[in-house]
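Chains as they are written, first to last, in the working numbering: chain C, 1 to 341; chain H, 1 to 341.
Now the structure itself:
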């Protein structure tokens with residue numbers, strides 16, 4: 001039996017998305033394997049939760065007045081966040097009442113507070129948000145996706161180490177290859193930060209460093225892991241999502257223009273539905289803050305119940321396999337070997 | 001009659017791609033409206049060009065021994081570039097022998113040398129590479145795509161001014177809206193550079209500044225122009241290209257898996273071909289260095305003859321409409337008004 005703490009007030013749509021997502025997660029996991037601690041405005045939560053008896057039974061609601069908005073300045077957000085629905089949900093994990101927390105709220109406050117309350121793995125300075133996305137050959141792990149806007153070369157090296165450890169377990173690869181995102185694959189390209197990070201990475205004997213990769217390589221599968229700062233990673237991931245949406249719309253529009261298009265679509269509809277599902281960004285929603293000693297999963301703020309369900313699923317899977325422990329172990333090997341090298 | 005200077009030695013594939021691209025451009029433009037000055041290794045150029053009598057007739061070949069490689073350090077590249085096929089092609093425009101130059105060579109050297117030889121428009125410090133890409137509503141202009149890896153807030157403001165001027169003419173819009181690419185649309189998001197650029201942009205009364213936009217907005221059409229530094233822009237554009245390729249491959253794979261998929265594809269094949277063409281990155285190849293007083297078009301280094309043809313087409317269209325003059329005029333209005341404001 002796993003217990004997850006949910007911040008009911010985070011994200012653009014608040015409790016309804018969170019609770020409906022939780023209800024779906026419960027159906028998926030089976031009633032007896034998942035419990036929730038739900039933090040937020042009881043008045044908004046209760047009327048909704050009463051409609052789902054199974055969810056109500058599996059949940060304990062903690063009333064919290066405060067919530068962190070996306071518009072808050074980071075400093076203020078962190079100060080009030082501790083007593084907010086987000087902060088108390090994180091604290092439940094810190095105290096051991098829950099095995100993981102899920103929030104769609106203010107990324108900066110969520111990360112800062114998780115760092116304080118859940119502690120960092122030794123040797124890692126800042127947590128990173130990874131995503132596992134499909135490519136031509138299978139899947140790539142991309143990080144950071146927005147937890148760290150300004151990165152030093154050392155931060156990028158840490159992301160590479162964490163990415164290597166996570167990909168090792170996620171993709172079941174002995175020594176996953178690591179690419180550093182840049183504007184060209186030639187060794188002289190890019191700014192001083194990626195240049196220095198590349199030099200540093202060559203000094204890690206247990207990191208399978210491929211060298212520089214480009215934006216299209218995120219999708220080509222050239223390397224198992226793609227490392228970048230949170231600004232570039234965030235823009236790249238959202239560009240990819242936007243392109244999927246655009247092409248889907250182009251395809252629909254073009255197919256509806258002629259009778260041949262319409263007929264072809266009708267016949268191959270099953271295939272289109274499958275593809276639609278395979279490329280639905282909601283099914284990739286939910287990413288842990290990598291580098292923490294416990295599980296905190298960030299959901300996209302603008303997602304719906306299906307997306308939030310997937311974020312809960314990520315926390316559930318991480319917790320049930322003690323992924324964080326495994327990644328920490330692997331990370332220690334990589335970092336230790338560096339010191340010996 | 002227009003004359004364009006071509007660097008036959010730039011890009012990953014050298015003269016064959018350049019010459020075949022030129023041949024296609026000639027067929028497209030009509031023999032009597034386009035001439036070429038071709039700079040490069042005569043021994044490699046002559047055997048190829050002899051196969052195309054029309055191209056041979058329209059071209060003057062200038063033998064040059066030196067060429068700039070992509071692997072060269074920028075300082076060295078610029079030093080030797082002046083006497084290279086690229087440098088002499090640019091010089092032909094500076095001297096007025098040609099109305100524009102096209103090269104697929106080393107971006108850094110190409111930009112640096114163009115700045116020196118072709119001069120900058122008053123008020124603009126660094127040229128930017130724009131691209132016009134399709135979105136849900138029409139087209140967006142994105143800049144910079146890699147000419148400027150590290151950007152100051154002032155550089156971003158210049159890109160906004162140039163983007164506004166170019167979009168005004170390209171999209172025929174009175175006052176195109178300008179978005180600044182960031183990790184979120186909330187006003188507090190992002191790093192110090194985009195924050196300061198946003199503050200500066202609010203002081204330009206003739207710039208229709210929308211505010212921050214995100215990666216997906218490049219494709220959604222939220223604003224006419226998207227402004228970003230060359231690092232982020234390059235990664236975003238290549239991520240978009242990679243996604244198009246990935247989805248095309250997914251679609252093909254899924255459709256070939258069942259007889260319904262195969263039949264549906266067969267029937268709607270015309271639609272798929274149309275979509276394929278609409279999203280072919282080669283048809284978007286070729287971007288001017290915006291901010292120069294003359295026309296220098298950068299082609300993607302890895303493109304083929306079709307792509308290079310499109311880059312020549314861009315130079316041809318810019319030159320035949322005196323686009324640079326129009327953009328400079330519009331830019332002066334924007335910049336002048338700032339000073340008066």
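Each residue gets a CB set at the ideal place from its N, CA and C atoms; glycine is no exception.
Just so you know, these numbers come straight off a predicted model, no measurement behind them.
Task: Pair within 8 Å by beta-carbon distance, residue 237/C and residue 215/H - done: As a first step, residue 237/C is located in the first chain; it is residue number 237 there, counting from the start. As a first step, residue 215/H is located in the second chain; it is residue number 215 there, counting from the start. In contact: residue 237/C and residue 215/H (Cβ atoms closer than 8 Å).
Open item on the list: Would residue 99/H and residue 287/H be called neighbours here (beta carbons separated by less than 8 Å)?
Closed with: Counting from 1 along the second chain, the entry for residue 99/H is found at position 99. Counting from 1 along the second chain, the entry for residue 287/H is found at position 287. No.
Open item on the list: Determine whether the beta carbon atoms of residue 93/C and residue 294/C lie at a separation below 8 Å.
Closed with: Residue numbering aside, residue 93/C sits at position 93 when the first chain is read from its first letter. Residue numbering aside, residue 294/C sits at position 294 when the first chain is read from its first letter. Yes, these two residues count as a Cβ contact at 8 Å.
- [ ] Report the three-state DSSP secondary structure of residue 217/C (helix, strand or coil).
- [x] As a first step, residue 217/C is located in the first chain; it is residue number 217 there, counting from the start. Taken through DSSP and simplified to helix, strand or coil, residue 217/C comes out as helix.
Open item on the list: Can you pull out the residues from the region 209-236 of chain C whose beta carbon lies closer than 8 Å to at least one beta carbon of chain H?
Closed with: 214, 215, 216, 217, 218, 219, 220, 228, 230, 231, 232, 234, 235 and 236
Task: Nearest candidate by alpha-carbon position, reference residue 148/H, set 163/H, 168/H, 112/H and 177/H - done: Translated into the one-based positions of the second chain, residue 148/H becomes position 148. Of the candidates 163/H, 168/H, 112/H and 177/H, the one whose C-alpha sits nearest the C-alpha of residue 148/H is 112/H.
Open item on the list: To the nearest angstrom, how far is the alpha carbon of residue 341/C from that of residue 206/C?
Closed with: The residue labelled residue 341/C in the question sits at position 341 within the first chain. The residue labelled residue 206/C in the question sits at position 206 within the first chain. With a pLDDT of 45 at residue 341/C, under the threshold of 50, the modelled position of that residue is not reliable, and no figure is offered here.
Open item on the list: So, at 6 Å on beta carbons, what are the nonlocal neighbours of residue 244/H in its own chain, with the 5 sequence-adjacent residues on each side left out?
Closed with: For this step, residue 244/H is matched to residue 244 along the second chain. So the list reads 279, once near-sequence residues are dropped.
Open item on the list: Quick check on DSSP: helix, strand or coil for residue 120/H?
Closed with: Here residue 120/H refers to the residue found at position 120 of the second chain. Here residue 120/H sits in strand by DSSP.
Task: Run of the alpha helix (DSSP H) containing residue 307/C, from where it starts to where it stops - done: Here residue 307/C is taken as the residue at index 307 of the first chain, counted from 1. Note, residue 307/C: alpha helix (DSSP H), 305-320.
Task: chain H contact for residue 146/C (CB, 8 Å cutoff) - done: As a first step, residue 146/C must be located in the first chain, where it is residue number 146. Chain H contact via Cβ: present.
Open item on the list: Can you pull the chain D neighbours of residue 241/C, defined as C-beta to C-beta under 7 Å?
Closed with: Looking for chain D here will not work: the only protein chains present are C and H.
TODO: Quick one: which residues of the region 242-261 of chain C get their C-beta closer than 8 Å to a C-beta of chain H? List them in chain order.
DONE: 242, 243, 244, 245, 246, 247, 249, 250, 251, 254, 255, 257, 258, 260 and 261
Task: Assigned secondary structure, residue 2/C (DSSP; H/G/I helix, E/B strand, else coil) - done: Taking the first residue of the first chain as 1, we reach residue 2/C at position 2. Note: residue 2/C maps to strand in three-state DSSP.
Task: Classification of residue 97/C by the beta-carbon crowding that lies within 10 angstroms, buried from 16 upward - done: For the purposes of this step, residue 97/C is taken as residue 97 along the first chain, with counting starting at 1. Exposed.
Open item on the list: Using beta carbons (cut-off 8 Å, strictly below), is residue 78/C in contact with chain H?
Closed with: Residue 78/C sits at position 78 when you count from the first residue of the first chain. It does not; no Cβ of chain H falls within 8 Å.
Open item on the list: Taking 8 Å as the threshold (beta carbon to beta carbon), is residue 21/C in contact with chain H?
Closed with: On the first chain, position 21 is the one that residue 21/C refers to. Closer than 8 Å: no.
Open item on the list: Please identify the residue among 123/C, 68/C and 240/C whose C-alpha is closest to the C-alpha of residue 159/C.
Closed with: Translated into positions along the first chain, residue 159/C becomes position 159. When each option's Cα is compared against that of residue 159/C, the closest is 123/C.
Open item on the list: Is there a Cβ of chain H sitting closer than 8 Å to that of residue 180/C, yes or no?
Closed with: Position 180 of the first chain, counted from the first residue, corresponds to residue 180/C. It does not: the Cβ of residue 180/C has no partner Cβ on chain H nearer than 8 Å.
Open item on the list: The beta strand (DSSP E) that contains residue 296/H, what's its start and end?
Closed with: Here residue 296/H corresponds to residue number 296 of the second chain, with the count starting at 1. Run containing residue 296/H: 295-298, per the beta strand (DSSP E) assignment.
TODO: Just the C-alpha distance for residue 334/C and residue 208/C, rounded to the nearest angstrom, thanks.
DONE: In the first chain, the residue the question calls residue 334/C occupies position 334. In the first chain, the residue the question calls residue 208/C occupies position 208. When rounded, the separation of the alpha-carbon atoms in residue 334/C and residue 208/C is 11 Å.
Task: chain H within 8 Å of residue 268/C, Cβ atoms only - done: The residue given as residue 268/C occupies position 268 in the first chain. Taking Cβ atoms only, chain H reaches closer than 8 Å to residue 268/C, which makes this a yes.
Task: Beta carbon proximity, residue 105/C to chain H, threshold 8 Å - done: Your numbering for residue 105/C matches position 105 in the first chain. Not closer than 8 Å to any Cβ of chain H, the Cβ of residue 105/C fails to qualify, so no.
Open item on the list: Short of 7 Å in beta carbon distance, which residues of its chain neighbour residue 307/C, apart from the five on each side in sequence? Order them along the chain.
Closed with: As a working mapping, residue 307/C is identified with position 307 in the first chain. The answer, listed in chain order, is 282, 285, 299 and 300.
Open item on the list: Could you tell me the alpha carbon to alpha carbon distance between residue 165/C and residue 194/C, rounded to whole angstroms?
Closed with: Looking up residue 165/C in the first chain gives position 165. Looking up residue 194/C in the first chain gives position 194. So the alpha carbons of these two residues sit roughly 21 Å apart.
Open item on the list: Looking at the strands, I want to know which residues DSSP matches up with residue 143/C.
Closed with: As a first step, residue 143/C is located in the first chain; it is residue number 143 there, counting from the start. DSSP output for residue 143/C lists 130/C and 227/C as bridge partner(s).
TODO: Output yes if chain C places a C-beta closer than 8 Å to the C-beta of residue 279/H; else output no.
DONE: Working through the second chain from its first residue, we reach residue 279/H at position 279. With 8 Å as the cut-off, residue 279/H counts as an interface residue toward chain C.
Task: As assigned by DSSP and simplified to three states, the class of residue 102/H - done: Numbered from 1 along the second chain, position 102 holds the residue referred to as residue 102/H. Note: residue 102/H maps to strand in three-state DSSP.
Open item on the list: For residue 198/H and residue 145/C, I'd like the C-alpha separation in whole angstroms.
Closed with: Here residue 198/H is taken as the residue at index 198 of the second chain, counted from 1. Here residue 145/C is taken as the residue at index 145 of the first chain, counted from 1. One C-alpha to the other measures close to 22 Å.
TODO: Return the chain-ordered list of same chain residues with a C-beta closer than 6 Å to the C-beta of residue 32/H, the five sequence neighbours on each side being excluded.
DONE: Position 32 of the second chain holds residue 32/H. If we look at residue 32/H and ignore the five residues flanking it on each side, it has no Cβ neighbours.
Open item on the list: What does the alpha-carbon distance come out to for the pair residue 3/C and residue 36/C?
Closed with: Taking the first residue of the first chain as 1, we reach residue 3/C at position 3. Taking the first residue of the first chain as 1, we reach residue 36/C at position 36. Those two C-alpha atoms are separated by around 5 Å.
TODO: Drop a sphere of 10 angstroms on the beta-carbon of residue 269/C, count the other beta-carbons inside from all chains shown, and report buried for 16 or more, exposed for fewer.
DONE: Reading the first chain from its first residue, position 269 is the one you call residue 269/C. When all chains shown are included, residue 269/C counts as exposed.
Open item on the list: I believe residue 128/C touches residue 142/C by the beta-carbon criterion, under 8 Å. Please report the beta-carbon distance rounded to the nearest angstrom.
Closed with: Counting from 1 along the first chain, the entry for residue 128/C is found at position 128. Counting from 1 along the first chain, the entry for residue 142/C is found at position 142. Not confirmed; about 10 Å, so no contact.
Task: Interface partners of residue 183/H on chain C, CB under 8 Å - done: By 1-based counting over the second chain, the position of residue 183/H is 183. In chain order: 146, 149, 230, 231, 234 and 235.
Open item on the list: Quick test of your reading: residue 275/C and residue 250/H, contact by CB under 8 Å. State the CB separation rounded to the nearest angstrom.
Closed with: Locating residue 275/C in the first chain gives position 275, where the first residue counts as 1. Locating residue 250/H in the second chain gives position 250, where the first residue counts as 1. At roughly 6 Å, the Cβ-Cβ gap stays under 8 Å, so residue 275/C and residue 250/H are in contact.
- [ ] Give, in chain order, every residue of the region 124-147 of chain C whose Cβ lies closer than 7 Å to some Cβ of chain H.
- [x] 135, 136 and 146
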